[in-house]
Structures are given as structure tokens and as C-alpha cells.
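Residue 348 is where the sequence shown starts when you use the working numbering, and the numbers rise one by one after that. Where a beta carbon is used, it is the ideal one built from N, C-alpha and C, also for glycine.
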Amino acid sequence: MPKIATALIALSIPSGLPAQHPLRDPVDAVEVRYALSQAVVSYGLRVDSADLSGYDVMIRIRNARDTFRLALAAHPEYDDRYFRYVEQLRVAAPAGAAAASIVREDSALWRVVAPGGTVDVRYRLQLPVQDRPIRSSWVPFLAPQGGLVGGPHSFMYIVGATLVPSYVTFDLPRGWDIATGLTPTIDPNTFFAPSADVLIDSPALVGHFSSWRFAEGGVPHRVVYWPLADARGFDTLALVRGLEGLTEQAIALFGRAPYRDYTFLLQDGAGGSLEHWNSVTIGATSARLASDLPDMLGEAAHEYFHTWNLMRIHPAGYGGVDYRPARRSNGLWWAEGITMLYADALLRRAGVPRPDSTRAAHLEGLITRYLVSPGNSRFSPESVSVVTYGTPPGALGDYSASVHLQGELIGTMLDLIIRDATQGRRSLDDVMRIMLARYSGARGYTTRDIEAAVHEVCGCIVRPFFDRYVRAGNPIPFDRYLALAGMRTVVTWGPGVGRDGTPLSDLRVFAWLPPGEPALRLLISNPASVWGAAGLHTGDRMARVNGAPVPTMDAFRAIFGRLKIGDTVTVEVARPGGPLRATVVVPVQQRPTVRLEPLTGATERQLALRKDWLAY
Ligand SMILES: [Zn+2]
Numbered sequence: 348m349p350k351i352a353t354a355l356i357a358l359s360i361p362s363g364l365p366a367q368h369p370l371r372d373p374v375d376a377v378e379v380r381y382a383l384s385q386a387v388v389s390y391g392l393r394v395d396s397a398d399l400s401g402y403d404v405m406i407r408i409r410n411a412r413d414t415f416r417l418a419l420a421a422h423p424e425y426d427d428r429y430f431r432y433v434e435q436l437r438v439a440a441p442a443g444a445a446a447a448s449i450v451r452e453d454s455a456l457w458r459v460v461a462p463g464g465t466v467d468v469r470y471r472l473q474l475p476v477q478d479r480p481i482r483s484s485w486v487p488f489l490a491p492q493g494g495l496v497g498g499p500h501s502f503m504y505i506v507g508a509t510l511v512p513s514y515v516t517f518d519l520p521r522g523w524d525i526a527t528g529l530t531p532t533i534d535p536n537t538f539f540a541p542s543a544d545v546l547i548d549s550p551a552l553v554g555h556f557s558s559w560r561f562a563e564g565g566v567p568h569r570v571v572y573w574p575l576a577d578a579r580g581f582d583t584l585a586l587v588r589g590l591e592g593l594t595e596q597a598i599a600l601f602g603r604a605p606y607r608d609y610t611f612l613l614q615d616g617a618g619g620s621l622e623h624w625n626s627v628t629i630g631a632t633s634a635r636l637a638s639d640l641p642d643m644l645g646e647a648a649h650e651y652f653h654t655w656n657l658m659r660i661h662p663a664g665y666g667g668v669d670y671r672p673a674r675r676s677n678g679l680w681w682a683e684g685i686t687m688l689y690a691d692a693l694l695r696r697a698g699v700p701r702p703d704s705t706r707a708a709h710l711e712g713l714i715t716r717y718l719v720s721p722g723n724s725r726f727s728p729e730s731v732s733v734v735t736y737g738t739p740p741g742a743l744g745d746y747s748a749s750v751h752l753q754g755e756l757i758g759t760m761l762d763l764i765i766r767d768a769t770q771g772r773r774s775l776d777d778v779m780r781i782m783l784a785r786y787s788g789a790r791g792y793t794t795r796d797i798e799a800a801v802h803e804v805c806g807c808i809v810r811p812f813f814d815r816y817v818r819a820g821n822p823i824p825f826d827r828y829l830a831l832a833g834m835r836t837v838v839t840w841g842p843g844v845g846r847d848g849t850p851l852s853d854l855r856v857f858a859w860l861p862p863g864e865p866a867l868r869l870l871i872s873n874p875a876s877v878w879g880a881a882g883l884h885t886g887d888r889m890a891r892v893n894g895a896p897v898p899t900m901d902a903f904r905a906i907f908g909r910l911k912i913g914d915t916v917t918v919e920v921a922r923p924g925g926p927l928r929a930t931v932v933v934p935v936q937q938r939p940t941v942r943l944e945p946l947t948g949a950t951e952r953q954l955a956l957r958k959d960w961l962a963y
């Protein structure tokens, strides 16, 4: 979240003054009065090993207004709406003071009346029953051996006072450790948060875990792994070395680390990963670490690179603490796509093995996926960015598209353009350094700003590129830009083959159950698929499949998960204009194969660019 730079100002004057010295000039006096007029906030979080169904939070507030509001923040990507699980909410005023009160004004918003601005607020966060096949790594949980607490799910903040610093004291079962991005203090159970942004974006992994440390660029880094009891053994040295190489390359790219210290919070029994201010929560089952460490490191690299590209370099209007759902940003193609590009590139630079052998092989895979989904060239990266987070499925109609993929390919083409225009002297790395210097403050960037930074680095005209492939939806002409490095694509279409070598069936039909609706709705990801060609559309309400109702996602999976090539299935949907009955014979899916080949007769300049680009 982008507000940390100003967050430190609030207390800088009082804490910087020697206690015995009087104030020396009127400016100091004004600023101290300003500081003293702010609320003073501390949090307590208690986990009772006898009852792991939730945890208790206490907020001690002093020096606030008589009436103020508390809220639970909504995360801009994953709003888990934990306001639903706040229980036993109560307030207590100090002895002798008038009674305080708290009332809910909106789902995640409460009004507190506390004469004198002094009050203790208490509540219990009652953890919901886990209903997903695997827990998301950023979601709080408790188990006998530890858990994850804190973050936007746990701590209410004072609305309009997000620059107020606070302390957090954990009261945990005996022997439990704490790993968090919050600032440690001389009390091992008490941590400091310079602002509500940092408080809410610093979850704490607590319990019994393994821990490793390394320093990179003089900055301490920590890797923590919380295992389940039946955890498989894996190569911990390779894991820590991989993360160390990653941080070394990122710091080399930008010149310095943007954080005081950094913590990788890896958890067994969880999936998914989420970037935080100076930490990352990573779902890493021991089985996955044991069997596919390169893939796991790729995911870790993506979230870690967000520390720069998204947490610091951020789209205008993205981030910040707010209880209202986040505003949609048209800049996520850069935040996600360029992060994909560097997650891969930094691991290659560090010499960490990648699932695809070379940068060329990696690009072949990206272009293949781009061609498989025509939505990627039909919709502009800006418009796909807007529907990437916080929108229901089906926002692109019968198409699907990925800003991660669009952005990574655009970044790769821009890198080639810059290298060509500067005869190999500069690259996308230089753009990243400009972006960090300019757009990690409160304002954030727009597409125009990115375009200006690229123009500044390459000294070339890129407006038409941005107009055509970022602001509008058009197929990226890969060969035009690959030719700068003496390469071209060779694309052939044919029957697709799955990972296990068997023919790939066309099952590009999906469903979801909108909240409050009685029937599933269909999702089509490509109108050219056999499902789209049969007349089915995204948003169609599913009535029957093979004559029987399909009321739940489980029922949908039970039927469609078993379909094989040559099977016939009849789908009946209900539409406002009347029902439709479509009969589909499941075919083999046609897929592209993409190969990068050298151009014959390439010049010395093209060959030199290719060599540099491949070496990265
Ligand atoms: Zn991401």
C-alpha cells in the first residue's frame, strides 16, 4: 500500500526530541501539538489454545475525538468480508467517565461514541468453517501447532486516521513464535506499525515453524515454513538459496531494497499467495515443495516482485486502507504482467532452474496461451485490468483474457523495442528504475506515465504501440518485434495433447452459482469452442444436462468432469427469450504450437540483440 512514506511524519517530531529539552521554536511547537492531537492506538490479540475457533482483539484508543468510526478494511484484490465474523463487540470507557457506545453503521463500519476520546473496544473474530478444498494462504486460521492472524481480517482501524501509528501485543499459547512484517520492539510479543496501512498489510504467522535467515544488500531477510504434522521432507537449502538468489537479483535491478527487512511466510496445507508491504504469505504444501520446487519458486518470485511493482510502483488510485470495495484500476496489466516477466527473469538471472529451459522457450509458451484465448487480443489490457479483481465471472462475455499474460507479452515486446532503439545499451530494467523513482508515492501511475518512461529510455516513439496494444484490443504482431532480434514465430494448429500425452478434449465450458440465484450460470471462454459454436453463451441459466437438473457446482463437475472425446451431451438453458437445447459431441481441442526460429540473413545488429535478450 502506497502511503508509508508520509506515515512516519506524524511522530517524527516528538520521538526525535531529547526528552529533557524544551521546544526551541514555534514550528516545533505547532508540529508537536499536531502530533499530540492524534489518537494513540494499541492493539492486543489473544489466542487461547483451549479454544481455537477464533481469537480475541482489544483496541485501546486514547486521545481520539468524542465520536469516531472504526472499520475493517477491504483488500483491493481479495475482499474476504470478515466483518461477517466479528462477534461480542463491546466498548468500555475508563472508570468515572461517561458511558461509551458502539453501533454498526454499515457492514464493515461502526460508530463509536466515547466522551473524552478514551475507550477500549473488544471483539472476537470467530473463524468461519473452511469450505474450500484448500485454505488460501492469506486467510486467518488457527490449529494446535499455530496459525495466521492479523491483517485486514483482524484489526479495525480508525476511519480518517490511517496515518496514526500503533502497537500490537500478541498473547499466544506458550512456546509459539511470531513471524510478521511489523517492526519488532524490545518486548518480543509487541510490534510497532507506523501506520494503519502497514498494520493491516502485515499478517502474523504464529506457532511452531522453521526459520532461516540471510542478508542481501545489507538487509535482513527471513524465510519461515509452517509445516503440518505429516509434512514431507523437501530440499530446504534449495528453497532458501532460490529465494536468496531472487532477492539478490531484485536488489541489483533497483539498486536497493525498499524495505527495512523482509519475511517470506510459507505455510503447509495452504494454496495461493499474496504480496504484503514487507512480507508475503505463500501457500506451499510440503508435497509441492518436494515435487515441484521450480514452480513454487516462480510463484514466490511473482509475489516478491510485487513488493516493488504493485506495493510501491502502483497504478493511480490503487491501494490504501479503505473499508469500501476498491476502485477498479486500468493499470493492473503493468502491475501483474511486468511482475510475471520479472519473476521469470530474476530467477533466470540468479541461475535458478526454470520449468521452461530458455527465455525463448518461455516466450513460445506465452504466445501459445495468448493464441488459445482470442479474448487476449480482442480486449485491451486496460479494459481487462478493470475486470480482473472484484468482478463476477463473465465480465468479458464469451471470452476470457489474462492481464498477467497480456502484460508480460507487452513488456517483452517493449524490451525488444528499447534494446533495438538503444543498440543494446538500455532495456526494460531502466524503465523499472524510473517507475520506482517516480510512481511509488501517493499518486501512482497511468498508462501515459508508463509510455513517457519508455519513451525517455528508448528515445523512440511508442505512442502508436500503446494506442494499439494497450489502450485498444488488437493482436500483437509478434513477428514485427521479434524481427528486431532476428527471430520469427512459426505457428501450426493441430489436435491438442494433454500433459500426459493423451488427446486434449474441448471442455471449455464452465459454470458458477451467483449468490442468491437458484440456478448455475454458464461461462464460455471462447466462442469458437464447440460449446460456443452450439449456441451457448456466458450468462445462460442452466436448466438441465442430459435431461436432469444440475443445481450445484458439484453436480456440474460430476457430469462435465467425466466427459470424454466422442461423448454426446445435451445442455438445456433458460433465457428471457425462451429456452435453448444444444447437443454437443465433445471433440479434440485444436491447439497452436509456437516455435521461435532465427530469421535467415539476420544482420550483426539483430544477432547481437538476440544474444543479449536470450542471456538476459
Ligand atoms: Zn500478482
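| said: Quick check on glutamate 864: buried or exposed, where buried means 16 or more other Cβ atoms within 10 Å of its Cβ? | reply: exposed
| For serine 513, which beta-bridge partners are listed by DSSP? | Val388, Ala540
| Sorry if obvious, but does the Cβ on alanine 682 come closer than 8 Å to a heavy atom of ligand 1? | yes
| request: Go through its chain and collect everything with a Cβ distance to alanine 858's Cβ below 7 Å, but skip five positions before and after it. | output: Excluding sequence neighbours, alanine 858 sits near Leu867, Arg868, Leu869, Leu870, Met889, Met900, Phe903.
| Taking the C-alpha atoms as reference points, what is the distance between glutamate 563 and alanine 697? | 13 Å
| task | Check whether the Cβ atoms of tryptophan 624 and threonine 654 lie closer than 9 Å to each other. | result | Going by C-beta atoms, tryptophan 624 is nearer than 9 Å to threonine 654.
| field | Spatial distance of leucine 489 from methionine 405 (CA atoms) | value | 18 Å
| Are the beta-carbon atoms belonging to phenylalanine 907 and valine 916 less than 9 Å from one another? | yes
| request: Return the bridge partner residues of tryptophan 457 from the DSSP annotation. | output: Leu417, Arg451
| task | Quick one: using the 10 Å Cβ neighbour count with 16 as the cut-off for buried, is tryptophan 960 buried or exposed? | result | buried
| query | Is the closest heavy atom of ligand 1 to the C-beta of threonine 769 under 8 Å? | reply | no
| field | Range of the contiguous beta strand (DSSP E) that encloses leucine 436 | value | Boundaries of the beta strand (DSSP E) around leucine 436: 433-439.
| At a cut of 8 Å, does the stretch 388-400 reach the stretch 438-451 through at least three beta carbon pairs? | no
| said: I need the DSSP call for arginine 827, collapsed to helix, strand or coil. | reply: helix
| said: Using a 10 Å radius around the Cβ and a threshold of 16 neighbouring Cβ atoms, would you call alanine 411 buried or exposed? | reply: buried
| task | Could you pull the start and end residues of the alpha helix (DSSP H) that phenylalanine 581 belongs to? | result | Note, phenylalanine 581: premise wrong, no alpha helix (DSSP H); not H, not E.
| request: State yes or no: is the C-beta of glutamate 622 nearer than 8 Å to some heavy atom of ligand 1? | output: yes
| Between the C-alpha atoms of glutamine 435 and tyrosine 425, what's the straight-line distance to the nearest angstrom? | C-alpha separation (whole angstroms): 25 Å.
| message | Could you compute how far the alpha carbon of phenylalanine 813 sits from the alpha carbon of valine 778? | response | Phenylalanine 813 and valine 778 have their alpha carbons spaced roughly 15 Å apart.
| query | Skipping 5 residues on each side, what residues in its chain have a beta carbon closer than 7 Å to that of proline 672? | reply | Ala421, Asp426, Gly737
| Under the three-state DSSP convention, the category glutamate 650 falls into | The answer is helix: DSSP assigns glutamate 650 an H, G or I state.
| field | Check: histidine 661 C-beta below 8 Å from any heavy atom of ligand 1 | value | no
| query | Sorry if obvious, but does the Cβ on threonine 516 come closer than 8 Å to a heavy atom of ligand 1? | reply | no
| cysteine 805 burial status per 10 Å Cβ neighbour count (16 or more: buried) | Buried, by the Cβ-count rule.
| Runs of alpha helix (DSSP H) lying entirely within the stretch 567-632, each at least 4 residues, in chain order | 583-601
| When you compare only the Cα positions, how much space is there between glutamate 711 and arginine 835? | 11 Å
| said: Taking CB distances under 9 Å as the criterion, tell me whether arginine 521 reaches chain C. | reply: As a matter of chain content, chain C is missing from the structure shown, which is built from one protein chain.
| request: Give the single residue among Lys911, Val931, Leu860, Gly913 whose Cα lies nearest to the Cα of asparagine 893. | output: Val931
| Where does the unbroken alpha helix (DSSP H) through valine 804 begin, and where does it stop? | 794-805
| If alanine 830 and arginine 957 are in contact, beta carbons under 8 Å, what's the gap, nearest whole angstrom? | Going by Cβ atoms, the distance from alanine 830 to arginine 957 rounds to 10 Å, so no, they are not a contact pair.
| field | Separation of leucine 783 from valine 511, as counted between CA atoms | value | 25 Å
| task | Give the C-beta separation of alanine 966 and valine 438 to the nearest angstrom, bearing in mind that I take them to be a contact with Cβ-Cβ under 8 Å. | result | Shown here, the chain extends from 348 to 963; a query on residue 966 therefore has no answer.
| How about methionine 503 and leucine 392: are their beta carbons less than 9 Å apart? | The answer is no: Cβ separation not under 9 Å.
| field | Element boundaries [beta strand (DSSP E), containing threonine 915] | value | 915-921
| Where glutamine 477 falls: helix, strand or coil (DSSP) | coil
| My guess is that serine 732 and glycine 630 are in contact by the Cβ rule of under 8 Å, so how many angstroms apart are they, rounded? | About 25 Å; that fails the 8 Å criterion.
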